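Worksheet for the structure shown next.
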Amino acid sequence: MRYNAMMISFIFLIICSGPLMVMGQTIPGDSSHYGSGDIFINPYVDEGNEPGFLQILKWFWERKSPDTDDSTIAVTVSRETPNLTQVFNPNDSLLQVTWIGHSTFLVQLDGVNFLTDPIFSERSSPIKWIGPKRMTPPAIPIDALPPVDFVLISHNHYDHLDLPTVHALGNNSKWFVPLGVKIFLESEGITNVEELDWWSQVTIGRLKIFCTPNQHFSGRTPFDRNECLWASWAIISPNQRVWFAGDTGYNSFQFKEIGGKFGPFDLALIPIGAYDPEWIMRDHHVNPFEAVGVHTDVRSKFSIGMHWGTFTLTDEPIGEPPRLLKEAVRAAALDSASFVTVPQGRTILIR
């Protein structure tokens, strides 16, 4: 049993290391993310220099997972009881965001509620009793959410596209996904879904939603790597702008282009965890110092760190990402309040 559990966890790490009117439009862009056949690629990553299977296997068997004792989690991951009155009665003239955990946020903007990469399951895994387990429960249970108008999915890894959550939300919400993910959702009975390529756009009410680039990979088995696209998302209202980074590594091109086209952003949601060991993760997950680079490149006025404090996916200590983020913000001579972490469950108002 222990061997089976470890092998499934290893496979996971390989894979992951009322309707609204919608109108779609494609913005001409480059095709640099199209590889040979039906495979997508990262334009700024040398795939030939990525770690090999045997190297990753050796790391997996020798790794020491970070301390996930309850007392450690309680000290390092701040949580607070959500203000459901505020969540259910947002001021439509303000931008409001609540961190539910991992990369899942409830964003409320211009009278619209949407979720980013929602995962409410106990485990991030194809099997409910094996795989990375939550250290902290969702700050708001899925059945306690206000109506969700749409969902943004950045890619199809299990910690970002969670099937039990997909089934729970169902077709009551509109799903926006990168290329290749639609057919998977349709196979699960989700028909209220639209897939977009990088730089494509849809309009939903007064919001414009742009599928924007990032640097990652995709796959739900060892055999479908990069058959689906990965993406970040820009959400633009008449008065405010939000950017959701998804999972990403850093390069000095894509984020500056996003900032040039759509910035400055009033809010950016940027990952700060899952970066250690660097020799495996560097191309696909930013560390806190690189996250500050992303924040600067996209011209974010205010950013919140995500992708930490919920699942133990890599080797860095649980409390290290927020600590290093403070150091990185200070080293970049930025306002300490411009890029922060927040307690799970807290609702932030952005004027």
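Per my numbering, numbering through the sequence shown is continuous, rising by one, with the last residue being 895. Note that CB positions come from ideal geometry on N, CA and C, so glycine has one too. The structure presented is a predicted model; accordingly, all values stated were derived computationally and were not measured.
Excluding five sequence positions before and after residue 833, the CB atoms of its chain that fall closer than 6 Å to its own CB belong to 872, given in chain order. Around the beta carbon of residue 835, a 10 Å sphere encloses 16 or more other beta carbons of the protein chains shown; the residue is thus reported as buried.
Beta-bridge annotation (DSSP): residue 578 is paired with 584. Cβ contact annotation for residue 750 (same chain, cutoff 7 Å, sequence separation greater than five): 654, 781, 782, in chain order. C-alpha of residue 803 to C-alpha of residue 791: approximately 17 Å in a straight line. Residue 746: member of the beta strand (DSSP E) spanning 744-748, first to last residue. Take the alpha-carbon of residue 696 and the one of residue 869: they are about 25 Å apart. DSSP places residue 600 in no beta strand (DSSP E) but in the uninterrupted alpha helix (DSSP H) bounded by 597-606.
Residue pairing by DSSP places residue 888 opposite 623 in a beta bridge. In the assembly as shown, residue 731 is an exposed residue. Its beta-carbon has fewer than 16 other beta-carbons within 10 Å.
By the C-beta density criterion, residue 711 is exposed, having fewer than 16 other C-beta atoms within 10 angstroms. Taking one beta carbon from each stretch, the stretch 815-823 and the stretch 852-863 have 3 or more pairs nearer than 8 Å; the two touch. Within the model, the alpha-carbon separation for residue 883 versus residue 849 is close to 7 Å. In the DSSP assignment, residue 591 falls outside any beta strand (DSSP E), carrying neither H nor E. Note: residue 833 is not bridge-paired with any residue in the DSSP secondary-structure output. Residue 684 and residue 634 have their C-alpha atoms spaced approximately 16 Å apart.
In the three-state reduction of the DSSP assignment, residue 865 falls in the helix class.
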